[in-house]
Structures are given as structure tokens and as C-alpha cells.
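What follows is one structure encoded as C-alpha cells, with my remarks underneath.
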Amino acid sequence: RKEVEQDPGPFNVPEGATVAFNCTYSNSASQSFFWYRQDCRKEPKLLMSVYSSGNEDGRFTAQLNRASQYISLLIRDSKLSDSATYLCVVNPEGAQKLVFGQGTRLTINP
Amino acid sequence: DARVTQTPRHKVTEMGQEVTMRCQPILGHNTVFWYRQTMMQGLELLAYFRNRAPLDDSGMPKDRFSAEMPDATLATLKIQPSEPRDSAVYFCASGFPGIGYTFGSGTRLTVV
Chain E
1 RKEVEQDPGP
11 FNVPEGATVA
21 FNCTYSNSAS
31 QSFFWYRQDC
41 RKEPKLLMSV
51 YSSGNEDGRF
61 TAQLNRASQY
71 ISLLIRDSKL
81 SDSATYLCVV
91 NPEGAQKLVF
101 GQGTRLTINP
Chain Y
111 DARVTQTPRH
121 KVTEMGQEVT
131 MRCQPILGHN
141 TVFWYRQTMM
151 QGLELLAYFR
161 NRAPLDDSGM
171 PKDRFSAEMP
181 DATLATLKIQ
191 PSEPRDSAVY
201 FCASGFPGIG
211 YTFGSGTRLT
221 VV
């Protein structure tokens, strides 16, 4: 089983729709969780950290479910500019490194 | 905004040649990563440093790859000899544990 697993998509949704991604991780003692965004031929950029209580940043909401070992990202009122690959990132306990999922590709259609 | 600077941006080289990639992390960041990205494998961790000390390079083929951090402003990744399967985008990232990391623009390496 991979340390971090994501549905690779692609997800094609119309502008204005709400879209949600899930990501599962295998190490139950993982400490830190992040969502990164990567545009085509660009570097990954930190979108948001994921906190135990859940957190929101504008149209983006991240949730962590430790019992089921998954994190989620919800995008509301999607924009064309949200088209990108979204990477789930986990910091396994004791490893102090970042493990990336394969990414979920999202395309927002006009 | 502070940036992680990587050079060169693009490199085309012949099989067997030495390749050196450089990274200038953001000043003050104590952790530096090297990742490799391919379509098939996604982002793979090659090596990382904490306060310039190597912590983990288990993801790196030791016979041909080496990573060093000679000072706080420079991290290097060398491949000698290079092979076509090394063709990928190599990213450097710096930051603090638990806070998040900033990636450089990457070095796109093609080995022919």
C-alpha cells in the first residue's frame, strides 16, 4: 500500500461547481498534513495546511479525519484558475520528511 | 516574496556526463529537500538536510547521485555518470517542519 493515495482523476467540473478530493495515508501516527497545488510545468505551491479541527481559507476547506486516516479538500464556487493538479502531502511520524500523493488533476470548464 | 532559486532551469546532456544542480534555499530555513518528478513516479524524495546535516538520502541511487550542503546558502545535487533514466524535473524545497515548504522552479534535466 502506498503511504499516500489519491484519486488521480481527472476531474472535469463546470465553473461555479463544488468539488471535493480525498486522500488516504497509511501511517496512523502522521503528524502534519498539507495540500499543495501544481500548475502544468511549474513547481508545487503550498495551498494550505490541514489542522485537526479543520480549516478554511476563502473558497477552500480542508478536513482531517484521523480515525479513518484521510484528509479532504473542498473547493466551492470553482474558478477557471483553480484548474491544476492538487497534491496531498503527509509528514509521517518520526520521519520529518514530506511524502506526496500522486496528485489529483482538476479541470474547471467554462 | 522570498524564493528558492535553482540553477540551471534546463539542462540537456549526453549519457555519461556529470550533471550538477544547485539550489539557494530561503535564508533562515533549516530544512532543505531534493525531489525528483516524473510522469510515471510523481514526486520522489531523494535527500534532505536539517541545519545542513544530511538526514535521509535513502531515496537516492548512491552509486551515481550525491547531495551536499557546503553552506547555508547552497545545496547541490550531482549525478555522475548520468543516464537517460535520470531525465526528470529536479526540485529543491526549503522550509520548517510542520510549517510548510517552498519549492524552487526546478531543473528540467534531459539525458540523451
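Chain order of the listed sequences is E and Y. First residue of the first sequence: 1, per the working numbering; consecutive thereafter. First residue of the second sequence: 111, per the working numbering; consecutive thereafter. Here a beta-carbon is modelled for each residue, glycine too, at the ideal position from N, C-alpha and C.
Checklist line | Integer-rounded CB distance, given that E:Asn27 should sit under 8 Å from E:Glu5 | finding: Mapped onto the first sequence, residue 5 of chain E falls at position 5. Mapped onto the first sequence, residue 27 of chain E falls at position 27. The pair is not a contact, with the Cβ atoms about 12 Å apart (cut-off 8 Å).
Next item on the list: Classify Y:Asp111 as helix, strand or coil using the three-state DSSP reduction.
Entry: Taking the second sequence and counting its residues from 1, one reaches residue 111 of chain Y at position 1. DSSP places Y:Asp111 in coil when its eight states are reduced to three.
Item checked: Which residues DSSP lists as bridging Y:Lys188, in chain order -> Against the second sequence, residue 188 of chain Y aligns to sequence position 78. For Y:Lys188, which the question treats as bridged, DSSP gives the partners Y:Thr130, Y:Ser176.
Check: Going along the chain, which residues of its own chain have a beta-carbon closer than 6 Å to the beta-carbon of E:Leu1, five neighbours each way excluded?
Finding: Along the first sequence, one-based indexing puts residue 1 of chain E at 1. Residue 1 of chain E is actually Arg in this sequence, not Leu. Hits under 6 Å: Ser26.
Checklist line | Interface residues of the region 147-171 of chain Y facing chain E [CB-CB below 8 Å] | finding: Gly152, Leu153, Leu155, Tyr158, Arg160, Leu165, Asp166
Note to self: What does the alpha-carbon distance come out to for the pair Y:Tyr200 and Y:Thr183?
What the structure shows: As a position in the second sequence, residue 200 of chain Y is number 90, starting the count at 1. As a position in the second sequence, residue 183 of chain Y is number 73, starting the count at 1. Roughly 18 Å between the two C-alpha positions.
Checklist line | Of the residues E:Gly58, E:Arg66, E:Pro44, the one placed nearest E:Ala84, counting alpha carbons only | finding: Along the first sequence, one-based indexing puts residue 84 of chain E at 84. Of the candidates E:Gly58, E:Arg66, E:Pro44, the one whose C-alpha sits nearest the C-alpha of E:Ala84 is E:Pro44.
Next item on the list: Mind checking who E:Lys2 pairs with in its DSSP beta bridge?
Entry: Reading the first sequence from its first residue, position 2 is the one you call residue 2 of chain E. Beta-bridge pairing links E:Lys2 to no other residue.
Next item on the list: Put E:Ser81 into one of helix, strand or coil per three-state DSSP.
Entry: The residue you call residue 81 of chain E lines up with position 81 of the first sequence. Looking at E:Ser81 - three-state DSSP - the assignment turns out to be helix.
Item checked: Where the beta strand (DSSP E) containing Y:Arg226 begins and where it ends -> This structure cannot settle anything about residue 226 of chain Y, because the visible part of chain Y is limited to 111 through 222.
Item checked: Secondary structure of E:Thr41, DSSP reduced to three states -> Your numbering for residue 41 of chain E matches position 41 in the first sequence. The sequence given here has Arg at residue 41 of chain E, not Thr. Three-state DSSP puts E:Arg41 in coil, outside helix and strand.
Notebook entry, point to check: Just by C-beta distance, which residues in the region 24-48 of chain E are closer than 8 Å to chain Y?
Noted result: Gln31, Ser32, Phe34, Lys42, Glu43, Pro44, Lys45, Leu46
Check: For the beta strand (DSSP E) that contains E:Ser72, what are its first and last residues?
Finding: For the purposes of this step, residue 72 of chain E is taken as residue 72 along the first sequence, with counting starting at 1. Here the beta strand (DSSP E) through E:Ser72 covers 70-75.
Margin query: Applying the 10 Å Cβ sphere with the 16-neighbour rule, what's the burial state of E:Leu73?
Written below: Position 73 of the first sequence holds residue 73 of chain E. By the neighbour-count rule (16 or more Cβ atoms within 10 Å), E:Leu73 is buried.
Checklist line | Exposed unless 16 or more other CB atoms sit within 10 angstroms - verdict on E:Asn91 | finding: Walking along the first sequence from the start, residue 91 of chain E turns up at place 91. Counting Cβ neighbours within 10 Å, E:Asn91 comes out buried, since at least 16 surround it.
Margin query: With a threshold of 8 Å, are at least 3 pairs of Cβ atoms found where one atom belongs to the region 127-136 of chain Y and the other to the region 102-109 of chain E?
Written below: no
Next item on the list: State buried or exposed for E:Gly16, treating a residue as buried only when at least 16 other CB atoms are found within 10 Å of its CB.
Entry: Sequence index remark: in the first sequence, residue 16 of chain E carries index 16 (1-based). So E:Gly16 counts as exposed.
Next item on the list: Taking the CB atoms as reference points, tell me whether E:Ser32 and Y:Gly208 lie closer together than 7 Å.
Entry: Here residue 32 of chain E corresponds to residue number 32 of the first sequence, with the count starting at 1. Here residue 208 of chain Y corresponds to residue number 98 of the second sequence, with the count starting at 1. Yes, the Cβ-Cβ distance between E:Ser32 and Y:Gly208 is below 7 Å.
Checklist line | Residues of the region 191-219 of chain Y whose Cβ lies closer than 9 Å to any Cβ of chain E, in chain order | finding: Val199, Phe201, Ala203, Gly205, Pro207, Gly208, Ile209, Gly210, Tyr211, Thr212, Phe213, Gly214, Ser215, Gly216, Arg218
Next item on the list: Can you tell me which of E:Asn22, E:Phe100, E:Val99 puts its alpha carbon nearest to the alpha carbon of E:Asp7?
Entry: Residue numbering aside, residue 7 of chain E sits at position 7 when the first sequence is read from its first letter. Nearest option by C-alpha distance: E:Asn22.
Note to self: I want to see whether chain Y comes within less than 7 Å of E:Lys97, judged by CB atoms only; does it?
What the structure shows: Within the first sequence, the letter at position 97 stands for residue 97 of chain E. At least one chain Y Cβ lies under 7 Å of E:Lys97.
Item checked: Y:Met150 beta carbon less than 7 Å from that of Y:Leu187 -> Counting from 1 along the second sequence, the entry for residue 187 of chain Y is found at position 77. Counting from 1 along the second sequence, the entry for residue 150 of chain Y is found at position 40. Taking 7 Å as the Cβ cut-off, Y:Leu187 and Y:Met150 do not qualify as a contacting pair.
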